[in-house]
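Colleague: One structure, pasted below without further comment.
2 protein chains.
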Amino acid sequence: MSVPGATRIAYTPERLLAVAVEVFNLRGYDGTSMEDLARATGITKSSIYHHVRSKEELLRLAVSRALDRIFAVLDQPAARTGRAIDRLEHVVRASARVLVDELPYVTLLLRVRGNTATEQWALERRREFDRVVATLVARAVADGDLDDTVEPRLATRLLFGMLNSAVEWYEPARADATADLGAAVWRLASAGLRRRPAGS
Amino acid sequence: MSVPGATRIAYTPERLLAVAVEVFNLRGYDGTSMEDLARATGITKSSIYHHVRSKEELLRLAVSRALDRIFAVLDQPAARTGRAIDRLEHVVRASARVLVDELPYVTLLLRVRGNTATEQWALERRREFDRVVATLVARAVADGDLDDTVEPRLATRLLFGMLNSAVEWYEPARADATADLGAAVWRLASAGLRRRPAGS
DNA sequence: CTACCTACCGTCCGAACGTTCGGTCGTTTA
DNA sequence: TAAACGACCGAACGTTCGGACGGTAGGTAG
């Protein structure tokens, strides 16, 4: 932690995690060996075990981080008060911001398959998030703001399927038309792609 | 395992593949051992090698099947002639049908990460499909059928992100509101979820 | 100087991995 | 009836896996 100019940069669990998550996303968690991590970090396998207890702990730290940020969205004032449709819009836009800001961690979270206890816990929390959003959609339908032929659970899945697909193609480096992912998703989901016949 | 009265049902590569793909989707390809497959098939590891050359061959057979069906969509007449917007609608609906009909194979295809040569080839073919669809979207914009603020590549990714997310939640057994996945996806993508102010 | 700490390394372990091999057994063919 | 075949098995192969262990270099504190 001391900063004596040009000495070796020591690993913290945080920095180690960042490297590990990149490799996990490249090769898949199961497809990544501790040797792969050693190569990517520049330290040996045994040194990694100085910082973390196990390979699975790295996974747990990563998905916890992603889940914490995502659930924090639901606690924001704009997600808790006001008209359901506006709360929904806020959740979509804020989730998109989390996805972009924490891209590697969210990516890993969305690829979890349920092999270990950690992964099953992650899946359960994701389902919980979906349930909350589906409730929001249902209220927006009841309010008359969403088409009443919309099935809330289906709409939620398509909406977040669209948003979450970004982990497969979003490139933070490129400052292209996808500057605001949340805006693009919300626009498509609420108004559709089709050209409006007349004004507005 | 054999019951005295009944004749033994022998495995074909096809039947073996069906079982293997189910397990791959449950545990992930890298997370599945040949022992896992042996347990799931009821024959031994060595017997599996009587039918297929390697574990990777099972993956190749599976993703080939999915890719063949998906690319067949682009060759259908309705995808090759007519107004771009109608061709696009057909591609979405027909892709949805393929996704549902070949759910396990498409699921596996969409989870491929590029670890082996087989996987990289699968990724490249998927990109090719996306390119064709993006061209279709661009033409529909040029025709004035899609909003001209729509960025073709982004729209394509969101559209198919939405559709492809179905592999994570679609249950063929349940005959619920998602009877026609393609219709639901196309409806959301073209018109959006929002309630229209007045008639139509 | 000594004692101690943190970050790291080299070496090793048992288990599990994908794959191979020699062989068995019931059915089909000649 | 004898030969051939297809489907399968048990045991083992060399390799790689996640992880353990005993060290050591260098900074800091007394």
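Order-wise, the sequence lines are chains A and B. Be aware that the first sequence starts at 1, since it is given in the numbering used here, and climbs by one per residue. Be aware that the second sequence starts at 1, since it is given in the numbering used here, and climbs by one per residue. Note that CB positions come from ideal geometry on N, CA and C, so glycine has one too. All values derive from a computational prediction rather than experimental measurement.
What does the Cβ neighbour count give for residue 51 of chain A, buried or exposed, with the cut at 16 atoms within 10 Å?
Modeller: Here residue 51 of chain A is taken as the residue at index 51 of the first sequence, counted from 1. It counts as buried.
Colleague: Could you check what DSSP says for residue 126 of chain A in three-state terms: helix, strand or coil?
Modeller: The residue you call residue 126 of chain A lines up with position 126 of the first sequence. Helix at residue 126 of chain A.
Colleague: Look up residue 194 of chain A in the DSSP assignment and give the residues it is bridged to.
Modeller: Looking up residue 194 of chain A in the first sequence gives position 194. Looking at the DSSP assignment, residue 194 of chain A forms a beta bridge with B/146.
Colleague: Which residues in chain A sit within 8 Å of residue 190 of chain B, going by Cβ to Cβ distance?
Modeller: Indexing the second sequence from 1 puts residue 190 of chain B at position 190. 192, 193, 194, listed in chain order.
Colleague: Along chain B, in chain order, which residues have C-beta atoms closer than 8 Å to that of residue 150 of chain A?
Modeller: Here residue 150 of chain A refers to the residue found at position 150 of the first sequence. Correct list: 193.
Colleague: Helix, strand or coil for residue 48 of chain B per DSSP?
Modeller: One-based indexing of the second sequence puts residue 48 of chain B at position 48. If DSSP states are grouped into helix, strand and coil, residue 48 of chain B belongs with the helices.
Colleague: Taking the straight line between their C-alpha atoms, what separation do you get for residue 45 of chain B and residue 186 of chain B?
Modeller: In the second sequence, counting from the first residue as 1, residue 45 of chain B sits at position 45. In the second sequence, counting from the first residue as 1, residue 186 of chain B sits at position 186. Those two C-alpha atoms are separated by around 44 Å.
Colleague: Report the rounded CA-to-CA distance for residue 38 of chain A versus residue 49 of chain A, giving the unit in angstroms.
Modeller: Here residue 38 of chain A is taken as the residue at index 38 of the first sequence, counted from 1. Here residue 49 of chain A is taken as the residue at index 49 of the first sequence, counted from 1. Rounded to the nearest angstrom, the two C-alpha atoms are 10 Å apart.
Colleague: For a cutoff of 8 Å on Cβ pairs, would you count residue 91 of chain B as touching chain A?
Modeller: The count along the second sequence starts at 1 and reaches residue 91 of chain B at position 91. Judged by the 8 Å Cβ criterion, residue 91 of chain B is not in contact with chain A.
Colleague: Please report the distance separating the alpha-carbon of residue 29 of chain A from that of residue 115 of chain B.
Modeller: Counting from one through the first sequence, the residue named residue 29 of chain A turns up at place 29. Counting from one through the second sequence, the residue named residue 115 of chain B turns up at place 115. C-alpha separation (whole angstroms): 12 Å.
Colleague: Could you round the C-beta distance between residue 162 of chain A and residue 99 of chain B to whole angstroms and report it? I think they count as a contact, below 8 Å.
Modeller: In the first sequence, counting from the first residue as 1, residue 162 of chain A sits at position 162. In the second sequence, counting from the first residue as 1, residue 99 of chain B sits at position 99. So it is not a contact: roughly 15 Å between Cβ atoms.
Colleague: Tell me which same chain residues have a C-beta within less than 7 Å of the C-beta of residue 58 of chain A, skipping the five on either side of it?
Modeller: Within the first sequence, numbered from 1, the residue matching residue 58 of chain A stands at position 58. Excluding positions up to five away in sequence, the list reads 17, 20, 52.
Colleague: Anything in the region 63-76 of chain B with a Cβ closer than 8 Å to a Cβ of chain A? List those residues in chain order, please.
Modeller: Cβ contacts with chain A: none found.
Colleague: Please state if the CB of residue 133 of chain A and the CB of residue 91 of chain A are separated by a distance shorter than 8 Å.
Modeller: Counting from 1 along the first sequence, the entry for residue 91 of chain A is found at position 91. Counting from 1 along the first sequence, the entry for residue 133 of chain A is found at position 133. Their beta carbons are under 8 Å apart, which means residue 91 of chain A touches residue 133 of chain A by this criterion.
Colleague: Which residues in chain A have a C-beta closer than 7 Å to the C-beta of residue 169 of chain B? List them in chain order.
Modeller: The residue you call residue 169 of chain B lines up with position 169 of the second sequence. Near residue 169 of chain B (Cβ distances below 7 Å), the residues of chain A are 157.
Colleague: Which first and last residues belong to the alpha helix (DSSP H) in which residue 172 of chain A is found?
Modeller: Numbered from its first residue, the first sequence carries residue 172 of chain A at position 172. Counting along the chain, residue 172 of chain A falls outside any alpha helix (DSSP H), and DSSP gives it neither H nor E.
Colleague: Taking the continuous alpha helix (DSSP H) assigned at residue 260 of chain A, which residues delimit it?
Modeller: Examination of residue 260 of chain A is not possible in this model, given that chain A is present from 1 through 200 alone.
Colleague: Determine the contact status of residue 79 of chain A and residue 105 of chain A, defining contact as a CB-CB distance below 8 Å.
Modeller: As a working note, residue 79 of chain A is residue 79 in the first sequence. As a working note, residue 105 of chain A is residue 105 in the first sequence. No; because the gap between Cβ atoms is not below 8 Å, this pair is not in contact.
Colleague: With a threshold of 8 Å between beta carbons, is residue 34 of chain A in contact with chain B?
Modeller: As a position in the first sequence, residue 34 of chain A is number 34, starting the count at 1. Judged by the 8 Å Cβ criterion, residue 34 of chain A is not in contact with chain B.
Colleague: Please list, in chain order, the chain B residues whose beta carbon lies closer than 9 Å to that of residue 27 of chain A.
Modeller: Here residue 27 of chain A is taken as the residue at index 27 of the first sequence, counted from 1. Neighbours of residue 27 of chain A on chain B, chain order: 30, 113, 114, 115.
Colleague: If we ignore side chains and look at the alpha-carbon of each, how far apart do residue 128 of chain A and residue 94 of chain A end up?
Modeller: Residue numbering aside, residue 128 of chain A sits at position 128 when the first sequence is read from its first letter. Residue numbering aside, residue 94 of chain A sits at position 94 when the first sequence is read from its first letter. About 17 Å.
Colleague: Quick one: is residue 180 of chain B near chain A, going by C-beta distance under 8 Å?
Modeller: As a first step, residue 180 of chain B must be located in the second sequence, where it is residue number 180. It does not; no Cβ of chain A falls within 8 Å.
Colleague: Pop quiz: residue 108 of chain A and residue 62 of chain A are said to be a contact at Cβ under 8 Å. What is the actual Cβ separation, rounded to whole angstroms?
Modeller: Against the first sequence, residue 108 of chain A aligns to sequence position 108. Against the first sequence, residue 62 of chain A aligns to sequence position 62. Residue 108 of chain A to residue 62 of chain A, Cβ: 5 Å. Contact.
Colleague: Taking C-beta to C-beta, are residue 84 of chain A and residue 143 of chain A nearer than 8 Å?
Modeller: By one-based count along the first sequence, residue 84 of chain A stands at place 84. By one-based count along the first sequence, residue 143 of chain A stands at place 143. Yes, these two residues count as a Cβ contact at 8 Å.
Colleague: Spatial neighbours of residue 96 of chain A within its chain, please: C-beta separation below 7 Å, excluding the five flanking residues on both sides.
Modeller: By one-based count along the first sequence, residue 96 of chain A stands at place 96. Cβ neighbours of residue 96 of chain A beyond the five flanking positions: 163, 181, 182, 185.
Colleague: Indicate the three-state DSSP secondary structure (helix, strand or coil) for residue 17 of chain B in the structure shown.
Modeller: Within the second sequence, the letter at position 17 stands for residue 17 of chain B. Reduced to three states, the DSSP call for residue 17 of chain B is helix.
Colleague: Less than 8 Å between CB atoms is the rule here; does residue 184 of chain A satisfy it with respect to chain B?
Modeller: Sequence index remark: in the first sequence, residue 184 of chain A carries index 184 (1-based). True, the Cβ-Cβ gap to chain B drops below 8 Å.
Colleague: Just verifying my parser: in three-state terms, what is the DSSP assignment at residue 75 of chain A?
Modeller: Against the first sequence, residue 75 of chain A aligns to sequence position 75. Of the three classes helix, strand and coil, the one that applies to residue 75 of chain A here is helix, per DSSP.
Colleague: What residue does the alpha helix (DSSP H) around residue 81 of chain B start on, and which one ends it?
Modeller: Numbered from 1 along the second sequence, position 81 holds the residue referred to as residue 81 of chain B. Per DSSP, residue 81 of chain B belongs to no alpha helix (DSSP H) and is neither H nor E.
Colleague: From residue 152 of chain B to residue 135 of chain B, what distance separates their C-alpha atoms?
Modeller: Walking along the second sequence from the start, residue 152 of chain B turns up at place 152. Walking along the second sequence from the start, residue 135 of chain B turns up at place 135. Residue 152 of chain B and residue 135 of chain B: Cα-Cα distance of roughly 7 Å.
Colleague: Can you pull the chain B neighbours of residue 123 of chain A, defined as C-beta to C-beta under 7 Å?
Modeller: The residue given as residue 123 of chain A occupies position 123 in the first sequence. Correct list: empty, because the minimum Cβ distance to chain B is about 10 Å.
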